[in-house]
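Peer 1: Handing you a structure now.
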Amino acid sequence: MDGIGFQQFFVATNYKKVKTILNEYCDNTKDTIDSRVDLLQLAKSKLVPERNILLAIEAS
Numbered sequence: 234m235d236g237i238g239f240q241q242f243f244v245a246t247n248y249k250k251v252k253t254i255l256n257e258y259c260d261n262t263k264d265t266i267d268s269r270v271d272l273l274q275l276a277k278s279k280l281v282p283e284r285n286i287l288l289a290i291e292a293s
C-alpha cells in the first residue's frame, strides 16, 4: 500500500482505516462486499480529493 503514494492526501486516521479495510480483505477476514461498503461509507464522509481517492481504491 505504501507504494501507491496516496498517504500524502490523507490524515493519519484515514490512512489507517483504509489500510485496515484492505488488510482485512486481503487476509480473507472480510467479505468483498463488506470491504467495498466500508470504503464507500468512508468516502461518503469525506470531501474532494479524499473522496475521489477512496472511490478509485474501491473501484480497483
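Here the working numbering runs 233 ahead of the position in the sequence shown, where the first position is 1. Here a beta-carbon is modelled for each residue, glycine too, at the ideal position from N, C-alpha and C.
1) Tell me which residue opens and which closes the alpha helix (DSSP H) that residue 261 is part of.
2) Determine the extent of the alpha helix (DSSP H) in which residue 280 is found, giving its start and end residues.
3) Considering only C-alpha positions, which residue in the set 253, 269, 245 and 244 is nearest to residue 293?
4) Can you tell me whether DSSP reads residue 268 as helix, strand or coil?
5) Report all residues from its chain with a CB closer than 7 angstroms to the CB of residue 288; omit the five preceding and five following residues, and keep chain order.
Peer 2: In this structure, then:
1) Taking the first residue of the sequence shown as position 1, residue 261 is located at position 28. No alpha helix (DSSP H) holds residue 261; DSSP gives it neither H nor E.
2) One-based indexing of the sequence shown puts residue 280 at position 47. Unbroken run through residue 280: none, as it is neither H nor E.
3) Residue mapping note: residue 293 aligns to position 60 of the sequence shown, counting from 1. Nearest option by C-alpha distance: 269.
4) Position 35 of the sequence shown, counting from 1, holds the residue named residue 268. Of the three classes helix, strand and coil, the one that applies to residue 268 here is helix, per DSSP.
5) Here the question's residue 288 lines up with position 55 in the sequence shown. Correct list, in chain order: 276.
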